[in-house]
Amino acid sequence: MATDEKTRPAKATLLVIRGADQGSRFEIGEQPVGLGRGIRNEIRVGDNEASRQHAVIQYVDGAFVVKDRGSANGTYVNGAVVRMKELHDGDQVQVGGTVLLFHQSAAQPSGREAADRIDLVSRPAGDDQASIVGELAQDAAKRLSEQTAHSGSANTAQELSNLQAIYRIAEEAVSPAISLDQLLQRILNLTIGVVGADRGCMLVTDPQTGQSVPKVVSYGRRADQSARMPVSRSIVDYVLKKGQGVRTSDARTDRRFVPGQSILQAGIREAMCVPMQGRYDVLGVIYVDTTTPPERVVLDGGVTHKFSEEQLRLLVAIGSQAALAIENSRYQEALLKAERLAAMGQTIAMLSHHIKNILQGIRGGSYLIDLGLKEHNEGHVQQGWGIVEKNQNKIYQLVMDMLTFSKERQPVMKLAPLNQTVSEVCELMQSRAADCHVRLEVRLKDDLPTATFDPEGIHRAVLNVVTNAIDAVEGIEGGHVIVETGHDASADVIFVAVTDNGPGIPEDQLTRIFNIFESTKGARGTGLGLAVSQKILREHGGDVIVETKPGFGCRFVLDWPRGDEEHRSVDQPTVV
1 MATDEKTRPA KATLLVIRGA DQGSRFEIGE QPVGLGRGIR NEIRVGDNEA SRQHAVIQYV
61 DGAFVVKDRG SANGTYVNGA VVRMKELHDG DQVQVGGTVL LFHQSAAQPS GREAADRIDL
121 VSRPAGDDQA SIVGELAQDA AKRLSEQTAH SGSANTAQEL SNLQAIYRIA EEAVSPAISL
181 DQLLQRILNL TIGVVGADRG CMLVTDPQTG QSVPKVVSYG RRADQSARMP VSRSIVDYVL
241 KKGQGVRTSD ARTDRRFVPG QSILQAGIRE AMCVPMQGRY DVLGVIYVDT TTPPERVVLD
301 GGVTHKFSEE QLRLLVAIGS QAALAIENSR YQEALLKAER LAAMGQTIAM LSHHIKNILQ
361 GIRGGSYLID LGLKEHNEGH VQQGWGIVEK NQNKIYQLVM DMLTFSKERQ PVMKLAPLNQ
421 TVSEVCELMQ SRAADCHVRL EVRLKDDLPT ATFDPEGIHR AVLNVVTNAI DAVEGIEGGH
481 VIVETGHDAS ADVIFVAVTD NGPGIPEDQL TRIFNIFEST KGARGTGLGL AVSQKILREH
541 GGDVIVETKP GFGCRFVLDW PRGDEEHRSV DQPTVV
């Protein structure tokens with residue numbers, strides 16, 4: 001494109017994915033920002049392991065650079081200690097126990113540009129399929145187990161079996177809609193089976209304390225399900241320190257563990273322990289063992305080895321898969337928390353703005369009432385009370401919209417006359433229309449059949465749309481709003497249409513009018529009304545349709561199915 005990227009201000013974000021401030025997101029630009037525990041830092045972290053002035057991030061020669069400020073514990077980028085380091089999208093910056101994810105989106109071609117750059121060649125006269133030389137079914141990966149069974153080579157069979165195990169682990173790692181604990185439990189259950197262990201557990205490093213704590217445990221069929229699993233602290237500490245997997249087949253001859261340590265005291269015959277190595281950190285360990293009792297070993301004529309180096313390599317690979325799943329879960333958790341905080345901030349800001357305007361109106365009315373009481377002027381009192389009452393109604397409407405939108409509700413559906421509900425709305429709004437010098441016309445269909453709906457919900461939805469229509473034509477000479485009801489017999493759909501002769505809605509705003517807190521009325525609107533109306537109609541299986549042309553007014557149609565099959569069968573003859 002012709003856009004000059006060099007003139008565009010550089011922007012990036014830092015998202016806290018580990019630490020006390022997890023979920024906090026910081027925007028950075030071309031100005032240097034301090035990072036540390038001190039209150040003068042632009043990015044302040046509540047981490048006692050971080051120095052007061054720990055590091056600085058600045059934009060130098062077209063790139064963001066992090067520079068350590070002589071901190072006590074050092075600054076790390078992707079697990080490596082640095083004095084100064086250029087940052088790239090996806091890098092992890094660690095200060096103390098806090099890890100921040102750096103994100104700087106590169107310029108990407110838009111969907112339109114991508115379409116312009118790709119040429120889908122039309123089908124030629126000849127058949128392109130004739131040039132296809134090989135095909136592979138979608139379930140080819142799952143057939144590895146079948147190949148394993150028919151393989152003539154023991155080594156090849158073992159490799160295919162391991163590959164199949166990794167495939168199954170990876171499949172679990174991307175399973176949707178399950179918690180991290182459930183995911184790790186599934187992975188561990190599969191691991192116990194594929195490595196032939198009797199028991200197993202996962203110890204995961206707590207991002208807050210740095211301590212490895214038990215997360216999940218699993219028992220094989222032969223293991224005592226009621227017995228507690230002894231885990232060798234000696235092995236766990238060794239693996240966490242060295243960052244490599246270990247296999248021990250006889251603790252008494254393993255020189256890495258001196259006599260008297262926990263592995264001997266627990267009577268463990270064989271054990272394997274591997275690190276869950278993430279992209280940059282060890283996130284915990286997977287520990288599996290066998291429970292062959294000593295007397296069984298004597299009867300079998302010596303120690304029988306169940307674990308092999310091949311199984312250890314497989315367990316190391318599984319540990320890496322589990323670590324990536326943990327990292328991804330923590331990243332998603334931090335991202336979700338950041339989005340929630342951002343949404344909460346936006347909500348509080350918008351509501352504060354609207355409540356402030358309402359309170360200013362109440363203060364103005366109170367002033368007139370106070371002035372009227374002091375001067376014994378009944379006119380001032382009535383005028384002030386009218387202003388107070390109008391703003392009280394605004395608060396009520398705002399709270400009701402918030403309650404409607406903030407929770408999932410099940411509509412109280414019942415057979416009812418729609419004209420009655422719409423009439424109540426129009427009667428309520430007549431005084432408002434008169435104050436705004438707007439003519440409110442009601443056209444109710446005489447032979448409108450009864451419909452199944454939630455009268456309270458539809459009342460609120462119609463009220464919001466009618467209020468918007470009156471606001472749209474307020475101040476316009478000859479302002480006119482028409483509210484009508486109808487029934488589309490061919491689709492058995494009931495509807496309420498609200499039409500105004502206002503300025504209409506610009507095309508660039510049409511896609512946003514149903515977004516929460518998006519208002520075309522400036523300070524007068526909350527941005528909740530249309531969002532609430534759409535939500536209510538969709539709860540009824542219907543929707544809100546907008547027909548508009550700038551300069552020629554607007555028409556909102558609220559429609560939904562007239563009733564369910566049970567109610568239709570009462571009103572309509574059965575076709576045999």
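Residue numbers for the sequence shown follow this note's numbering, so the first one is 1 and each next one is one higher.
Think of the CB as a built atom: it goes at the ideal place given N, C-alpha and C, for glycine as much as any other residue.
Would you list the one or two residues that DSSP bridges to residue i?
i: E441; result: I482
i: H103; result: T13
i: W560; result: I494
i: Q94; result: Y76 and V99
i: C554; result: D500 and T548
i: R25; result: L15
i: M272; result: R247 and V288
i: V81; result: Y76
i: D488; result: V493
i: L336; result: Answer is none; L336 lacks a bridge partner.
Go ahead and label residue i buried or exposed: buried means 16 or more other beta carbons lie within 10 angstroms of its beta carbon, across all protein chains shown.
i: V481; result: buried
i: F64; result: buried
i: I43; result: buried
i: A434; result: exposed
i: T485; result: buried
i: G457; result: buried
i: K535; result: buried
i: D508; result: exposed
i: N162; result: buried
i: F552; result: exposed
i: M229; result: buried
i: D224; result: exposed
i: I39; result: exposed
i: E547; result: exposed
i: M202; result: buried
i: S431; result: exposed
i: T452; result: buried
i: R222; result: exposed
i: V16; result: buried
Starting from the Cα of residue i, find the closest Cα among the options and give me that residue.
i: A416; options: G475, V465 and I494; result: I494
i: G220; options: R199, Q208 and L530; result: R199
i: I235; options: S308, D289 and L184; result: D289
i: Q383; options: M272, I395 and R363; result: R363
i: L87; options: T75, A20 and I395; result: T75
i: L448; options: S533, H487 and R432; result: H487
i: N393; options: L428, T421, G379 and Q104; result: L428
i: R69; options: Q92, L35 and F102; result: L35
i: A629; options: T452, V399, T511 and R279; result: What is shown of the chain runs 1 to 576, which leaves residue 629 out entirely.
i: I286; options: G372, E309 and Q321; result: Q321
i: I187; options: G97, I318, N377 and E389; result: I318
i: L101; options: E27, T291 and R52; result: E27
i: S226; options: V217, I355 and D91; result: V217
i: L532; options: R460, G46 and I166; result: Checking the sequence shown, residue 532 turns out to be Val, not Leu. Out of R460, G46 and I166, R460 has the C-alpha closest to the C-alpha of V532.
i: T205; options: A323, V195 and K306; result: A323
Can you tell me which of the three DSSP states residue i falls into?
i: H54; result: coil
i: Q265; result: The predicted position of Q265 is uncertain, since its pLDDT is 44 and thus under 50; a value taken from the coordinates is nonetheless stated next. Here Q265 sits in helix by DSSP.
i: Q277; result: strand
i: D61; result: coil
i: A227; result: coil
i: E539; result: helix
i: E49; result: coil
i: R524; result: Annotation note: pLDDT 48 at R524 (below 50); position unreliable, no value reported.
i: V285; result: strand
i: M344; result: helix
i: E566; result: With a pLDDT of 44 at E566, under the threshold of 50, the modelled position of that residue is not reliable, and no figure is offered here.
i: G365; result: helix
i: L448; result: coil
i: I43; result: strand
i: G220; result: coil
i: R247; result: strand
i: G70; result: coil
i: E30; result: coil
i: R313; result: helix
i: V204; result: strand
i: D454; result: coil
i: G36; result: strand
i: A20; result: coil
Does any CB atom of chain C fall closer than 8 Å to the CB of residue i?
i: L100; result: The question asks about chain C, but that chain is absent: this structure has only one protein chain.
Could you round the C-beta distance between residue i and residue j to whole angstroms and report it? I think they count as a contact, below 8 Å.
i: V282; j: G243; result: 6 Å
Does the beta-carbon of residue i, which I'm using as the reference point, lie nearer than 7 Å to any heavy atom of the ligand ZN?
i: Y287; result: This structure simply doesn't include the ligand ZN, nor any ligand for that matter.
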